[in-house]
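Report on the structure given below.
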Amino acid sequence: MSAKTTDIFGQLLKAEGLFINREVMRPSYTPEILPHREREINDLAAVLVPALRGETPSNVFIYGKTGTGKTAVAKFVGKELILKGREMGKSVNFIYINCEVVDTQYRILQNIANHFINEWNDHIPFTGWPTDEVYAKVRAMMDKEKCVTVIVLDEIDKLKGDEALYSLSRINSDLDNARVSVIGISNDLKFTEFLDPRVKSSLGEENMVFYPYDADQLQDILKNRVDMAIKPNTMDGEVIPLCAALSAQEHGDARRALDLLRVSAELAERNNSPRITRSFVKLAQNKIEIDRIIEVVRTLPNQSKLILYAINLLEKENKKAGITQAMNTGDVYDVYKELCKKTRANCLTQRRTADLISELDMLGIITARVISKGRHGRTREIRMSSSPKEIINVLQEDETFRDFANYKLKGQTRLTL
DNA sequence: CTTCCACAGGAAGGTCTGGCGG
DNA sequence: CCGCCAGACCTTCCTGTGGAAG
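With our numbering, the residue at position 201 of the first sequence is 224, and numbering never jumps.
What follows is the structure, encoded as C-alpha cells:
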C-alpha cells in the first residue's frame, strides 16, 4: 500500500463505484415490491380492511423465521393502510413497535401514547409514571380521536412478561369510541405456548405463517434489488445464484442474502475490482461473521469481557498443556476470580457468572453445552466458538486488559483430574 | 439398583440510577 | 428538595438433575 500521491480521496473517487444506490441493499429499506409475498400481503390486508370501515380488525399473529419478510410485509401493508385511510378521510393509525428495543409493558404504552403526541402536547416520560396511569392516558387519547389503531409488535417474543399483551388484548373493552387491533410478529413458533390462555385466544384470532424463501425465490429478490442498487454489467452471472444458495442453506433468510451481496460489492469496490466475482462472495461471508462478533464483543459490559478473557486464557492454557477436554463453569469462575483480583474489579457470584456465560453463548461468541459428567456433576462444557484472535484484539482495546496482555495464569488452582 | 457430584436455573428480594411531579 | 416509579444489575437461597461410580 504505497500511496505515491497524497490525494487519497481523489484516488478512491476516481475508482468507479459499483453502486447506484447503496441504501436499497440495506435491511432498513422497505421495498416497493415484495416478490413471492403477494399472497401474504393480500391476506394481511384482508384482515385489516375493517379498519377502513371504522370496525375492529381481528388480531393477527404472524410466525416465520428471520428474513422471511414478516416485518417488510407488515410495514408495507401498514403504509398502504394509512394512505387509503387518508384518501377516505378515516382516522386510522398504524404504530410499529419493535419489542427487542421496547420490551416492557410500560415502554410499549409509552410508545403508543407518544404516537399521539402531535395532536396532544403532552408527553409521557420514559420512566416515572405508574403504568396504569399511562394506560389510562392512552385510552383517553384514543377515545378522543375516535380512531382505529393497528399496533404491530415485532419480535413479540422478546417482551418481558405478558402484562403488556394482556392489557392490549382487553383494551377494546375499555374503549368507548376507538378500536385497537394488534399484530404480533414472532420467529418463535412455540411462543404462544407459554402465554396466558386468555391472551393467547385473544391475540391469535388469525394466524399467518411465513415460510422461508427457497433459493429461486431469493434469486428473484436479489435481482429485483440489484437493478436499483448496482450498476449494470458489473457482476458475474454466478454471483446472485451463489448468494441465494448460501442464504437458502441458512433457512432462506432474505436479509442475509442481501447483506451478503451488498458486502460482496463493497469488498469488490474496495479492492478496485471492476467486477463482483464469486471470490468476493466468499470473502464477504467471512467478513460478515467476524464483523458481527467484533461488534458484539466491543459492546459487551466489563464483567462479561472479564469472563470472556478468562475463557480465552483457559483455552490457550489447555491447548498448551495438550488438554483436549473443554473447560466448565467452575474452571472459568476460578480464573475469572483471579482476573478480578488482578484488575481490582469487584467479583460477581458464581450464579451471576453462569448467567453471563450463557449470555455469551447466545451471542454466539462461545459455545456452552450443558452436559452431565455423572458422578462429577452437571455443568457446562465451554469452548471459544471462532476467531479467538480477533476477539482478543478487541478485548485488548480496553485499558483494563492492556496491562496483562501477556498475563500468565499464576493460579495453580487448576486441579484438572 | 442407588448415590451423589457440580453445577443448572427458578424465585425473591436488595441496591442503585435516572427521571418524574409537586 | 422529597417521595415515588421503572428498570438494570446482583445476591441469596433454593430445588432439580443426568448419568458415571459404587
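In this text, a Cβ means the ideal position worked out from N, Cα and C, and glycines have one as well.
(request) Report yes if the C-beta distance between Leu480 and Met165 is below 8 Å; otherwise report no. (result) A query on residue 480 cannot be resolved here, the shown segment of the chain reaching from 24 to 440 and no further.
(message) Could you compute how far the alpha carbon of Ile244 sits from the alpha carbon of Glu186?
(response) Within the first sequence, residue 244 is the residue found at index 221, counting from 1. Within the first sequence, residue 186 is the residue found at index 163, counting from 1. Taking the straight line joining both Cα atoms gives about 38 Å.
(message) Quick check on Asn200: does DSSP put it in helix, strand or coil?
(response) As a working mapping, residue 200 is identified with position 177 in the first sequence. In the structure shown, Asn200 adopts coil according to DSSP, grouped into three states.
(request) Assign Leu176 to one of three DSSP states: helix, strand, or coil. (result) As a first step, residue 176 must be located in the first sequence, where it is residue number 153. Strand, per DSSP.
(request) Can you tell me which of the three DSSP states Gly33 falls into? (result) On the first sequence, residue 33 is found 10 positions in, with the first residue counted as 1. Gly33 sits in a helix when the DSSP states are folded into three classes.
(message) Taking a contact to mean a Cβ-Cβ separation below 8 Å, would you say Val249 touches Ile208 in this structure?
(response) Counting from one through the first sequence, the residue named residue 249 turns up at place 226. Counting from one through the first sequence, the residue named residue 208 turns up at place 185. Against a cut-off of 8 Å, the Cβ pair of Ile208 and Val249 comes out as no contact.
(message) Taking the straight line between their C-alpha atoms, what separation do you get for Leu226 and Pro148?
(response) Position 203 of the first sequence, counting from 1, holds the residue named residue 226. Position 125 of the first sequence, counting from 1, holds the residue named residue 148. One Cα belongs to Leu226, the other to Pro148, and the distance between them is close to 28 Å.
(request) With distances taken Cα to Cα, identify the nearest neighbour of Asp239 among Val72, Ile56 and Asp276. (result) Start at 1 with the first residue of the first sequence, and residue 239 comes out as number 216. The shortest C-alpha separation from Asp239 is found at Asp276.
(request) Excluding the 5 residues preceding and the 5 following Met48 in the sequence, name in chain order all residues of the same chain whose CB lies nearer than 7 Å to its CB. (result) Taking the first sequence and counting its residues from 1, one reaches residue 48 at position 25. Same-chain partners within the cutoff: Arg248, Ala252, Leu281, Leu284 and Arg285.
(request) Quick one: residues in its chain with C-beta nearer than 7 Å to the C-beta of Leu41, no 5 flanking neighbours on either side, listed in chain order? (result) The residue labelled residue 41 in the question sits at position 18 within the first sequence. Excluding residues within five positions, the ones whose Cβ falls inside 7 Å are Ile253, Lys254, Thr257, Ala288, Ala291, Glu292 and Ile299.
(request) Tell me where the alpha helix (DSSP H) around Ile64 begins and ends. (result) Numbered from 1 along the first sequence, position 41 holds the residue referred to as residue 64. Its alpha helix (DSSP H) spans residues Glu61 to Leu71.
(request) Can you give me the start and stop residues for the alpha helix (DSSP H) that Glu78 sits inside? (result) By 1-based counting over the first sequence, the position of residue 78 is 55. From DSSP, Glu78 is part of no alpha helix (DSSP H); its letter is neither H nor E.
(message) For Ile31, count the other beta carbons within 10 Å of its own beta carbon; 16 or more makes it buried, fewer makes it exposed. Which is it?
(response) The residue labelled residue 31 in the question sits at position 8 within the first sequence. Ile31 should be labelled exposed.
(request) Work out the CA separation of Leu386 and Asn294 for me, nearest whole Å. (result) Here residue 294 corresponds to residue number 271 of the first sequence, with the count starting at 1. Here residue 386 corresponds to residue number 363 of the first sequence, with the count starting at 1. Cα-Cα distance, rounded: 31 Å.
(request) Indicate whether the contact test is met: 3 or more Cβ pairs, each with one atom in the stretch 370 to 380 and one in the stretch 326 to 340, closer than 8 Å. (result) Touching, yes.
(request) Could you tell me if Gly101 is buried or exposed, where buried requires 16 or more neighbouring beta carbons within 10 angstroms of its beta carbon? (result) Locating residue 101 in the first sequence gives position 78, where the first residue counts as 1. That one is buried.
(message) At the level of alpha carbons, what is the spacing between Ser409 and Arg315?
(response) Within the first sequence, the letter at position 386 stands for residue 409. Within the first sequence, the letter at position 292 stands for residue 315. Each residue's alpha carbon lies about 12 Å from the other.
(message) Quick check: what's the CA-CA separation for Gln308 versus Glu110?
(response) Within the first sequence, residue 308 is the residue found at index 285, counting from 1. Within the first sequence, residue 110 is the residue found at index 87, counting from 1. In this model, Gln308 and Glu110 are separated by some 45 Å (Cα to Cα).
(request) Go ahead and pull the three-state DSSP assignment for Arg437. (result) By 1-based counting over the first sequence, the position of residue 437 is 414. Only weak support is given to the placement of Arg437: the predicted model assigns it a pLDDT of 43, under 50, and the value that follows is read from those uncertain coordinates. Here Arg437 sits in coil by DSSP.
(request) Check whether the Cβ atoms of Asn116 and Thr172 sit closer than 8 Å, and answer yes or no. (result) By one-based count along the first sequence, residue 116 stands at place 93. By one-based count along the first sequence, residue 172 stands at place 149. The beta carbons of Asn116 and Thr172 sit closer together than 8 Å.
(request) Can you tell me which of the three DSSP states Glu261 falls into? (result) On the first sequence, residue 261 is found 238 positions in, with the first residue counted as 1. Glu261: coil per DSSP, three-state reduction.
(request) Consult DSSP for Gly87 and reduce its assignment to one of helix, strand or coil. (result) Against the first sequence, residue 87 aligns to sequence position 64. Shown here, Gly87 sits in a strand according to DSSP, grouped into three states.
(request) Could you tell me the boundaries of the alpha helix (DSSP H) in which Arg248 lies? (result) Here the question's residue 248 lines up with position 225 in the first sequence. It spans Ala238 to Ala252 - the alpha helix (DSSP H) in which Arg248 sits, taken as one unbroken run.
(message) Which same chain residues end up closer than 7 Å to Pro264 when comparing Cβ atoms and leaving out the 5 residues on each side of it in sequence?
(response) By 1-based counting over the first sequence, the position of residue 264 is 241. Counting only Cβ-Cβ distances below 7 Å, and skipping sequence neighbours, we find Gln242.
(request) Mind checking which residues open and close the alpha helix (DSSP H) that includes Val286? (result) For the purposes of this step, residue 286 is taken as the residue at position 263 of the first sequence. Note, Val286: alpha helix (DSSP H), Ala277 to Arg293.
(request) Could you tell me the distance, in whole angstroms, from the CA atom of Ile206 to the CA atom of Arg278? (result) Start at 1 with the first residue of the first sequence, and residue 206 comes out as number 183. Start at 1 with the first residue of the first sequence, and residue 278 comes out as number 255. If you take the alpha carbons of Ile206 and Arg278, they lie about 21 Å apart.
(message) With H, G and I counted as helix, E and B as strand and the rest as coil, what does DSSP make of Ala271?
(response) Translated into the one-based positions of the first sequence, residue 271 becomes position 248. DSSP places Ala271 in the helix class (H, G or I) of the three-state scheme.
(message) Quick check: the stretch 358 to 365 against the stretch 406 to 420, are at least 3 beta-carbon pairs closer than 8 Å?
(response) Result no; under three Cβ-Cβ pairs closer than 8 Å.
(request) Reducing DSSP to helix, strand and coil, say where Ile388 ends up. (result) Position 365 of the first sequence holds residue 388. DSSP places Ile388 in the coil class of the three-state scheme, outside both helix and strand.
(message) Per the DSSP calculation, Met350 is bridged to which residue(s)?
(response) Within the first sequence, residue 350 is the residue found at index 327, counting from 1. Per DSSP, the beta-bridge partners of Met350 are Ile405.
(message) My output table needs one value for Ser381: the three-state DSSP class, helix, strand or coil.
(response) Here residue 381 refers to the residue found at position 358 of the first sequence. For Ser381, the three-state secondary structure derived from DSSP is helix.
(message) Quick check on Gly207: does DSSP put it in helix, strand or coil?
(response) As a position in the first sequence, residue 207 is number 184, starting the count at 1. Gly207: strand per DSSP, three-state reduction.
(request) Return the residue from the list Thr402, Tyr234, Pro220 and Ile194 that minimises the CA-CA distance to Leu212. (result) Within the first sequence, residue 212 is the residue found at index 189, counting from 1. With distances taken between Cα atoms, Leu212 lies closest to Tyr234.
(message) Using the three-state DSSP reduction, which class does Glu420 fall into: helix, strand or coil?
(response) As a first step, residue 420 is located in the first sequence; it is residue number 397 there, counting from the start. Coil, per DSSP.
(message) Report the CB separation of Ser81 from Ser204 in whole angstroms; it is logged as a contact under 8 Å.
(response) What you label residue 81 is simply residue 58 of the first sequence in a count that begins at 1. What you label residue 204 is simply residue 181 of the first sequence in a count that begins at 1. Going by Cβ atoms, the distance from Ser81 to Ser204 rounds to 7 Å, so yes, they are a contact pair.
(message) At the level of alpha carbons, what is the spacing between Gly90 and Pro153?
(response) Within the first sequence, the letter at position 67 stands for residue 90. Within the first sequence, the letter at position 130 stands for residue 153. Looking at the two C-alpha atoms, the distance is approximately 37 Å.
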